[in-house]
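Student: Quick one: structure below, then a few questions.
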Amino acid sequence: MCGIAGWINLKENISTECAVINKMADTLNKRGPDQSGSYYSEHAVFGHKRLVVIDPQGGSQPMVRTFNGKKYVIVYNGELYNTEELRKELLQKGFRFQAYSDTEVLLLSYIYWGEECLKYLNGIFAFAIWNETEESLFMARDPLGVKPLFYTTTANSLIFGSEIKALLAHPQVKTVITEEGLTELLSLGPARSLGSGIFANIREIPPAYWAVYNSHGLQLHQYWQLNCYEHKEDLGTTAEHIRYLLVDAIERQLVSDVPLCTFLSGGLDSSAISAVAAAKFKEQGKVLSTYSLEYEDNQAYYQPNEFEPTSDAEWAWVMARSIGSNHQSVVLNNYDVAAALEAAVRAHDLPGMADIDSSLYLFCREIRKKNTVSVSGECADEIFGGYPWYRRSEDLNCNTFPWSKSINERKQLLHKSLQKIDLEGCVQEQYAKTLAQVPVLPSDSPQEQQMKKLFYLNLKWFMITLLNRKDRMSMANSLEVRVPFADYRLVEYAFNLPSELKFHGGREKGLLRLALQGILPPEIITRKKSPYPKTHHPKYTEAVQKRLLQILANPSSPILELIDKEYVTKLAETGGAVYSKPWYGQLMRGPQLLAYLIQLNFWLEEYNVTIKLT
0 MCGIAGWINL
10 KENISTECAV
20 INKMADTLNK
30 RGPDQSGSYY
40 SEHAVFGHKR
50 LVVIDPQGGS
60 QPMVRTFNGK
70 KYVIVYNGEL
80 YNTEELRKEL
90 LQKGFRFQAY
100 SDTEVLLLSY
110 IYWGEECLKY
120 LNGIFAFAIW
130 NETEESLFMA
140 RDPLGVKPLF
150 YTTTANSLIF
160 GSEIKALLAH
170 PQVKTVITEE
180 GLTELLSLGP
190 ARSLGSGIFA
200 NIREIPPAYW
210 AVYNSHGLQL
220 HQYWQLNCYE
230 HKEDLGTTAE
240 HIRYLLVDAI
250 ERQLVSDVPL
260 CTFLSGGLDS
270 SAISAVAAAK
280 FKEQGKVLST
290 YSLEYEDNQA
300 YYQPNEFEPT
310 SDAEWAWVMA
320 RSIGSNHQSV
330 VLNNYDVAAA
340 LEAAVRAHDL
350 PGMADIDSSL
360 YLFCREIRKK
370 NTVSVSGECA
380 DEIFGGYPWY
390 RRSEDLNCNT
400 FPWSKSINER
410 KQLLHKSLQK
420 IDLEGCVQEQ
430 YAKTLAQVPV
440 LPSDSPQEQQ
450 MKKLFYLNLK
460 WFMITLLNRK
470 DRMSMANSLE
480 VRVPFADYRL
490 VEYAFNLPSE
500 LKFHGGREKG
510 LLRLALQGIL
520 PPEIITRKKS
530 PYPKTHHPKY
540 TEAVQKRLLQ
550 ILANPSSPIL
560 ELIDKEYVTK
570 LAETGGAVYS
580 KPWYGQLMRG
590 PQLLAYLIQL
600 NFWLEEYNVT
610 IKLT
């Protein structure tokens, strides 16, 4: 994986702006610690930071190729999983390759097919290609949004980068947040609407979109969307089809010239990935390394509940013994998790999911000591129905995002000067806008239409939030993480499965469980879904409680302009105990809300955010 940055100015000569593009690229050092590259021309400058995964010598960027008298330059962050198929087809078209990296395959695919190349790609990607001859920039992002790509436009320029911090390093970009961005942050955060960068005039190329920037300005186009079709396969055939698509996606994503491992929690999704990977490694005479996450003394304080029915700790080892992996349990110190909240904000450039972020940040840091690539189980719950809100009638009919039903509690936190901000309106606008895009069949029953709406909401909101989190926390530690369940073929197939099949046997992810028979031990298949592990230790609560109270006691803390100090103080003094409803998702309750407020204050302070209300 890599970090990319660029600046296009079609009216001025920026070829000497080395310092600007280098500063932008340097903010992305963690995304690409192995190699640096740059490109300068009169109206375009690019910077690139490379994490070497495949073809150390031949994959350097920016990559330049000339074809039919036209000069093309690419900067690319991602991984193509059908590289060899594309290479074979391009060879038949008469192209010749100078190396074996997927970067060259991607560039030549664009040279041959133009924007239609996106129909041929299977992978995760965010890239920009500059046509020097025509002075036109082409940008694109993968179908599910695994890889990020932010941009902003000024009177004469387009500026882009893998992360917001790259844009903020440009002298023309300011850390301003308007009422629109603040409303979205406070009502939807840590989620963002597709295309939003929260900061004023900072946008993100939405998943499954391409864009062209030239003398006519910027134009966005969607190239892929979920198609709706009638599912005609029986139960057994469907399970086999899922099994084939999943195994194929996993095996494609095991290609690497550097050490590769898997995340293994002992849950269904990571166990499936690890089992397939371990079998493939065994064929090659290798042993797979797997990693799980725990917290110091967490078992002493863990209490089962609706969202977290079982602890992962023992199950990861059950699975590791079953597949014969070289397994390591990463045990995190609770004070370290609290201390890493700020590092997580720097990685994300925005307040995130509190210790759900910081723990992943520390987990990835530990894994990176021995590995450069990992494979993880994100996205299975969204496409196969793993979350509680897929099965609860009150969530199916709640008329809002079921993972974010805390709008009244959010308003209660706000400073009296912000009570005019329309949090409800923002949520309802985004909710209705998304529902209007849901593809359904005329033959779908009202119940089936409702289920499709919920699955679509999860794909476009909850899943992308988790993918953003995984990308930022891993790449901040120079670790590439791949997500086979986000293969667009599997996503589209699963979306069109009738809910009665998905919940086979009356179970969450019942069909996926059936498809994995013979791959996983029975006890793993029947285990009830449990989410990403969080700390329950009072030491963590004490740490965030103490830190938030210090922030509240400091009259210069920027968060004081946003919150009701008296109410939040009472909240902090109870350690968040009075706040039992999740702020977001399943895990952000009580102590996690205190941690989120710490992150919000740090973000305002560290990024010197200017808030401009209308």
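Residue numbers 0 to 613, in numbering that gives the first Met the number 0, belong to the letters of the sequence shown in order.
Even for Gly, the Cβ is constructed at its ideal location relative to N, Cα and C.
None of the values given here were measured: they were computed from a predicted structure.
1. Sort 36, 51, 235 and 148 by Cα distance to residue 61 and report the nearest one.
2. State the Cα-Cα distance for the pair residue 357 and residue 394, rounded to the nearest angstrom.
3. For residue 207, which residues from the same chain have a beta carbon less than 8 Å from its beta carbon, with the 5 sequence-adjacent residues on both sides left out?
4. Could you check where the alpha helix (DSSP H) with residue 37 kicks off and where it finishes?
5. Report the three-state DSSP secondary structure of residue 565 (helix, strand or coil).
6. Which stretch, first to last residue, makes up the beta strand (DSSP E) that contains residue 78?
7. Can you tell me the Cβ-Cβ gap for residue 4 and residue 159, rounded? I've got them flagged as a contact below 8 Å.
8. At a cut-off of 7 Å, is residue 461 close to the ligand HEM when judged by its beta-carbon and the heavy atoms of the ligand?
9. Can you give me the start and stop residues for the alpha helix (DSSP H) that residue 43 sits inside?
10. What ranges does the alpha helix (DSSP H) occupy inside the segment 85-155, keeping only unbroken runs of at least 4 residues that lie completely in it?
11. Under 8 Å, do residue 484 and residue 376 count as touching if we go by C-beta distance?
12. Write down every uninterrupted run of the alpha helix (DSSP H) in the segment 417-472 whose length is 4 residues or greater and which is fully enclosed by it, in chain order.
13. Looking only at C-alpha atoms, which of 192, 233 and 115 sits nearest to residue 456?
14. Mapping the DSSP letters down to three states, classify residue 397 as helix, strand or coil.
15. For residue 68, tell me which candidate among 131, 543, 270 and 214 has the shortest Cα-Cα distance.
16. Would you decide whether residue 544 is buried or exposed? Buried here means 16 or more other CB atoms lie within 10 Å of its CB.
17. Report the option in 438, 2, 13 and 415 whose CA atom is closest to the CA atom of residue 567.
18. Going by the beta-carbon positions, is the gap between residue 171 and residue 344 smaller than 8 Å?
19. Would you call residue 182 buried or exposed, if buried means 16 or more other Cβ atoms sit within 10 Å of its Cβ?
20. Can you find the residues in the same chain that come closer than 6 Å, C-beta to C-beta, to residue 104, ignoring five residues on each side of it along the sequence?
21. Is residue 199 helix, strand or coil when you go by DSSP?
22. Hey, quick one: how far does the beta strand (DSSP E) through residue 611 stretch, first residue to last?
23. With DSSP as the reference, please indicate the residues paired to residue 293 in a beta bridge.
24. So is residue 459 buried or exposed if we call it buried at 16+ other beta carbons inside 10 Å?
25. I need the DSSP call for residue 663, collapsed to helix, strand or coil.
26. Pull up the distance between the alpha-carbon of residue 480 and that of residue 373, whole angstroms please.
27. Considering only residues of the same chain and omitting the five flanking positions on each side of residue 121, which have a CB-CB separation below 8 Å?
28. What do you get for residue 320, buried or exposed, if any count of 16 or more other CB atoms within 10 angstroms of its CB means buried?
29. Comparing C-alpha positions only, which one of 133, 40, 234 and 272 sits nearest to residue 247?
30. Using DSSP's beta-bridge definition, name the partner residues of residue 65.
31. Taking the alpha carbon of residue 14 as the point to measure from, which residue in 240, 46 and 30 has its own alpha carbon closest?
32. Run through DSSP, which three-state label would residue 60 get?
33. Rounded to the nearest angstrom, what separates residue 564 and residue 294 at their Cα positions?
34. Between the segment 349-364 and the segment 438-453, can you find at least three pairs of beta-carbon atoms closer than 8 Å?
35. Is it the case that the segment 232-244 contacts the segment 22-31, given that we only count it when at least three CB pairs across the two stretches are under 8 Å?
36. Pair every Cβ in the segment 575-584 with every Cβ in the segment 596-610, then say whether three or more of these pairs are closer than 8 Å.
Tutor: In this structure, then:
1. 36
2. 29 Å
3. Same-chain partners within the cutoff: 140, 141, 142, 143, 144, 221, 222, 223 and 224.
4. From DSSP, residue 37 is part of no alpha helix (DSSP H) but of the beta strand (DSSP E) over 34-39.
5. Judged by DSSP in its simplified three-state form, residue 565 adopts helix.
6. 69-79
7. 7 Å
8. Absence of the ligand HEM is noted for the structure shown, with no ligands found whatsoever.
9. Segment 43-49 is the beta strand (DSSP E) holding residue 43; no alpha helix (DSSP H) there.
10. 101-112
11. yes
12. Fully contained in the segment 417-472 are the following alpha helix (DSSP H) runs of length 4 or more, in chain order: 422-434 and 445-456.
13. 192
14. coil
15. Per the Cα distances, 131.
16. So residue 544 counts as buried.
17. 415
18. no
19. It is buried - the Cβ of residue 182 has at least 16 other Cβ atoms within 10 Å.
20. 82, 85 and 86
21. Here residue 199 sits in coil by DSSP.
22. 609-611
23. Per DSSP, 330.
24. buried
25. No answer is possible for residue 663: the residues shown for the chain start at 0 and end at 613.
26. Their Cα atoms are separated by approximately 5 Å.
27. 79, 80, 81, 251, 486, 487 and 488
28. Residue 320 should be labelled exposed.
29. 272
30. 70
31. 46
32. coil
33. 31 Å
34. no
35. Touching, no, given that fewer than three Cβ pairs across the two stretches are closer than 8 Å.
36. no
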